[in-house]
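**Student:**
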Amino acid sequence: MKRPLFWIAVCFALGEAYKEAADSSVLIIGLIILAAPVLSVYMDKAGTAMFFYSGKAHGDKDRKNRIVRCVLSMMIFGMISLTGYMNGCAMSKQERLAEELDGQQPGGIEGKVYEIRQSGDEWRVYVYAEWITFGGGDSEETVEYRGRSKVLLYMEDVGSLKTGMKLTLSCSLSRPDSADNPGEFDAREYYSHKGIYIVGKDISILECGEDYSRIGDILFRLRIKSGEITDSVFGETDGSVIKAMLLGDKSGIDRDTKKLFQMNGIAHILAISGVHIAIIGMTLFGVLRRLTGSYMASGIMAISVIVLYGVMTGMASSTVRAMIMMVISVIGQVKGRSPDMLTSAGTASVIQALIDPGIILDAGFQLSFAAVLGMAVPGALMKKLIPTKNKVVSTLVMNLAITLATGPLVIFYYYQFPLYSIFLNLLIVPLVSVIIFVSIVVIAAMLIFPGILQGNEMAVGIGAFPVKLILAIYRQLCEWAMKLPFYSINTGHVSVMMIVVFYMAMVGVLILLVRAKSADCARVRRRMVCLCAAVIMTLCCVCYEAASFDREFRVVFMDVGQGDGILIRAGMGVNILIDGGSSSSNKVGEYVMVPVLKFYGAAHVDYAFVTHGDKDHVSGIQYLLSDTNSGIRIDNLVVPMYGDIENMGELLELAEKRGVNIIYMDGGSQMSCGKDAAKVWLNFLHPSEKTDIKDANDLSAVIRLEYRGYSVLFTGDLGEDGERELISEGGDLSADVLKVGHHGSRYSTSGEFLRAVDPDLAIISAGENNRYGHPHGETLERLDACGADVMSTIDHGAICVEITDGGISVTGYR
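Following the numbering used here, the numbering of the sequence shown begins with 7 at its first residue and continues without gaps.
1. Among residues of its own chain, excluding the 5 on either side of Pro424, which ones have a beta-carbon nearer than 6 Å to its beta-carbon?
2. From the DSSP output, read off the bridge partner residues of Arg575.
3. Can you tell me where the alpha helix (DSSP H) with Ile224 in it begins and where it stops?
4. Can you say whether Arg777 is buried or exposed, counting buried as having 16 or more other CB atoms within 10 angstroms of its CB?
5. How about Val743 and Ile814: are their beta carbons less than 8 Å apart?
6. Please classify Thr785 as buried or exposed, where buried requires at least 16 neighbouring CB atoms within 10 angstroms.
7. Tell me where the alpha helix (DSSP H) around Gly680 begins and ends.
8. Identify the continuous alpha helix (DSSP H) that holds Asp811 and give its terminal residues.
9. Grouping DSSP H, G and I as helix and E and B as strand, with all else coil, what is Ile259?
10. State the DSSP-derived secondary structure class of Phe471, mapped to helix, strand or coil.
11. Hey, does Lys395 have any beta-carbon neighbour from chain C nearer than 8 Å?
12. Mapping the DSSP letters down to three states, classify His610 as helix, strand or coil.
13. Per DSSP, Arg123 is paired with what?
14. Using the C-alpha atoms, what's the distance from Ser166 back to Glu116?
15. How should Gly725 be labelled, buried or exposed, when 16 other C-beta atoms within 10 angstroms of its C-beta is the threshold for buried?
16. Quick one: complete beta strand (DSSP E) runs, 3+ long, within the segment 380-455?
17. Inspect the beta-carbon positions of Ile517 and Leu583 and report whether they are closer than 8 Å.
18. Excluding five sequence neighbours on each side, which residues of the same chain lie with their C-beta closer than 6 Å to the C-beta of Ile565?
19. Going by alpha carbons, who is nearest to Arg102 out of Tyr203, Gly680, Tyr196?
20. Assuming contact is defined by CB atoms lying nearer than 8 Å, are Ile434 and Tyr480 in contact in what I supplied?
21. Where do the N-terminal and C-terminal ends of the beta strand (DSSP E) with Gly206 fall, by residue?
22. Hey, Gly750 and Asp723: beta-carbon distance below 8 Å or not?
23. Is the beta carbon of His610 closer than 8 Å to that of Asn642?
24. Which residues does DSSP pair with Tyr713 in a beta bridge?
25. Can you tell me whether Thr174 is helix, strand or coil according to DSSP?
26. Which stretch, first to last residue, makes up the beta strand (DSSP E) that contains Arg327?
27. Is DSSP giving Ala511 helix, strand or coil here?
28. In this structure, what does DSSP give as the bridge partners for Gly113?
29. Roughly how many whole angstroms lie between the Cα atoms of Ile770 and Val807?
30. Tell me whether Leu297 sits in a helix, a strand or coil according to DSSP, three-state version.
31. In the DSSP output, which residue or residues are listed as bridge partners for Ala135?
32. Taking the straight line between their C-alpha atoms, what separation do you get for Val356 and Leu475?
33. Please give the ranges of any beta strand (DSSP E) in the segment 265-298, keeping only runs that are unbroken, at least 3 residues long and fully inside the region.
34. Three Cβ pairs or more, each shorter than 8 Å: is that satisfied between the segment 364-378 and the segment 413-422?
35. Thinking Gly170 and Val131 are a contact (beta carbons under 8 Å), I'd like their distance in whole angstroms, please.
36. Suppose you measure from the CA of Val513 to the CA of Ala351; what does that come to, to the nearest Å?
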């Protein structure tokens, strides 16, 4: 068997992934993947040929030997997978401890600081805790845990705190925040992949040791000083990009720059990875080798520098992977052997998983290894298919291979695919080495000769000019790409199985094409082409699933805090928003609405209805209209003709500026989308020309949705006066689902109104611990009296109502 270490790593990772994900699909995927090494044991070249030729079969003895080897291989791979599973269980005790935390609880910690990082005005201190305690109130039992575990502390100032110091402190302990909406960033999941299940705030240090890590402190100060030099030399905007690329500090990156790079598929240059390690480590190794003439001495020195660099920059998963692979490469050169990329990557993954078991589910870890595997597997196969000495063509082929390897993961985690990233990376990646090299030289010069260069603006400007020019070119290329049609394809979320099928189909097609190209027999070639066609058909089925996966009609009540935000996926590719805003979250559009829309493949919004002009109903829609890099496009803005138009001035102005069509709806108007039985009707009930109310909330648009014989009523912030006016107009108000007016205010959702609507389900959108006391107890009593089931975003996060031929189903995200 070739590359046994790689297959050992695959088995280990599958076992741990099954433990961490607790998903049966992982088990199925594992069995499929493990078939490859088992078959490789069973079939040699002759066995493989049997698949295509009708030649003489192997003898019985040979066949028995193969079966024995196959069974032994399965047993060994199974044991390795079990080892990975047990490694994943190592974190379960810490996870169970964190689950006992109910909200914020006072607690205490004893441990040692292993990393200090600054994020804006806040400091993040990472501690290896040896002792944790919390609880102990009148009605609580004290929980005590002894054993090494990671804890993240949020502090306003670290004072004299240094890496390696032992400390005892009291604080408020909790779990990291979890996502309340699909597609939203999940801090709890993110930190769990790094082995962190508990965070501490309101820190009070009770005792602090004097001993600390001299090397760690020097690296910390070097990082801070290098960051200050970067900002002063390259400016705040470009400096933040350089700090991300060189120092692993992404906290100061300009928001527009970050989104620009993400939307165009070049955000990977902001992460320290193999390119950086190769430039720094392998260049240093080559220089030292020429100076010393010793492979061993130069290897030890280069590895030492790279390890220190990794510690200084925070040891991100991609950095650690690149470091381990570089160490293997250097050891190979010292021994006079060339390293194998797949074996090196497999070894690195096992080492990282042993250190942090949850890391295999981390998006950065997976993308980093996917890029390496892309070069090693599809890259190698495509080079055989397209042999060329042209460097441009060769680079383009390798970029295509990496894109094929990382693209499915990009779609899985970010719900979009930057179509022109292959060509952009062809221009951008080669210049990364120039940025890194020049930046290192400039920063090193400023550190070594501060007195000479501090006031010499011309010399500093000349040194910074190439970097600033290249970054300006990057931005311009991205802006040009975003003007092209289909620059970013919003796929929405896809299934894990679909990703696996894509990878298997891709590798299968490439292998068959390579063999077909080298086959001498026309009959064999025909069979291979037929197999290739079958695999391509499978791939087409995958693409079809991508287009149709999770496309049922649904109404998603987003958890926007204190506000309203509703997405209707009406089928036939039609997406509708009803309101979108929050008074408790200033960035609800960026951090909630955009992720939810992309998750559901709704980057193109056909109609955005606005019930009235309050901030908690429009702030998110204003963001979507104002931010050209959000990736969301609105075609039509629908507002009530006789509603709260005065408070919508800014919103209407933004819509006109972006070229969005504005539709004014009157009470009694109706619009539809879809066909036949799947047709969706939206009836605009209120306000109308006859409405005689002045209060802005009571002028909220009321919309009744009808689909397959079921109905949903949206009421904005309608109060009791508006409800009476609506009832007097005599329209059909009956609904299976009611979006409760004004977030559950006591002055909305009257008994008379509920009798007219008679809902089976009532949805309340309100913020946790809001200052208004929503939803009010009296409102909940009225809802209970009318027999409606009540769900609120406070308790369930985003609430999804699905309507099919079989009826209505409702699920909460939490």
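Quick reminder that beta carbons are idealized off the backbone N, C-alpha and C, glycines included. Predicted, not measured: the structure shown is a model, and the values here were computed from it.
**Tutor:** Looking at the coordinates:
1. Short of 6 Å from the beta carbon of Pro424, and not among the five residues preceding or following it, lie these beta carbons of its own chain, in chain order: Asn270, Gly271, Ser494.
2. Paired residues: Arg560, Asn581.
3. Segment 220-253, the alpha helix (DSSP H) holding Ile224.
4. Residue environment: Arg777 is assigned as exposed (fewer than 16 neighbouring CB atoms within 10 Å of its CB, all protein chains considered).
5. Judged by their CB atoms, Val743 and Ile814 are nearer to each other than the 8 Å cut-off.
6. Buried is the call here.
7. Bounds of any alpha helix (DSSP H) do not take in Gly680, whose DSSP letter is neither H nor E.
8. Per DSSP, Asp811 is not a residue of any alpha helix (DSSP H), being assigned neither H nor E.
9. Coil.
10. DSSP places Phe471 in helix when its eight states are reduced to three.
11. Chain labels in this structure do not include chain C; a single protein chain is all it has.
12. Strand.
13. The partner list for Arg123 (beta bridge, DSSP) reads Arg130.
14. Our two residues, Glu116 and Ser166, have alpha carbons roughly 18 Å apart in a direct line.
15. Answer is buried; the Cβ neighbour count reaches 16.
16. The beta strand (DSSP E) runs lying completely inside the segment 380-455 and spanning 3 residues or more are 422-424, given in chain order.
17. Taking 8 Å as the Cβ cut-off, Ile517 and Leu583 do not qualify as a contacting pair.
18. For the sequence presented, residue 565 should be read as Asp rather than Ile. Counting only Cβ-Cβ distances below 6 Å, and skipping sequence neighbours, we find Asp186, Asn187, Thr799, Gly803, Ala804.
19. Here the closest residue by C-alpha is Tyr203.
20. Using a Cβ distance threshold of 8 Å, Ile434 and Tyr480 count as a contacting pair.
21. According to the DSSP assignment, Gly206 belongs to the beta strand (DSSP E) that extends over 202-214.
22. Not in contact: Gly750 and Asp723 (Cβ atoms no closer than 8 Å).
23. The answer is no: Cβ separation not under 8 Å.
24. Answer by DSSP bridge pairing, in chain order: Val686, Tyr716.
25. In the three-state reduction of the DSSP assignment, Thr174 falls in the strand class.
26. Element bounds for Arg327: not the beta strand (DSSP E) but the alpha helix (DSSP H), 323-340.
27. Reduced to three states, the DSSP call for Ala511 is helix.
28. DSSP lists Phe140, Cys177 as partners of Gly113.
29. Each residue's CA atom was taken as its position, placing Ile770 and Val807 some 13 Å apart.
30. Here Leu297 sits in helix by DSSP.
31. Answer is Gly117, Ser155, bridged to Ala135.
32. Computed Cα separation, rounded: 40 Å.
33. You should have found no qualifying run.
34. Under the three-pair Cβ rule at 8 Å, the segment 364-378 counts as touching the segment 413-422.
35. So it is not a contact: roughly 12 Å between Cβ atoms.
36. Across the structure, Val513 and Ala351 are spaced so that their CA atoms are roughly 18 Å apart.
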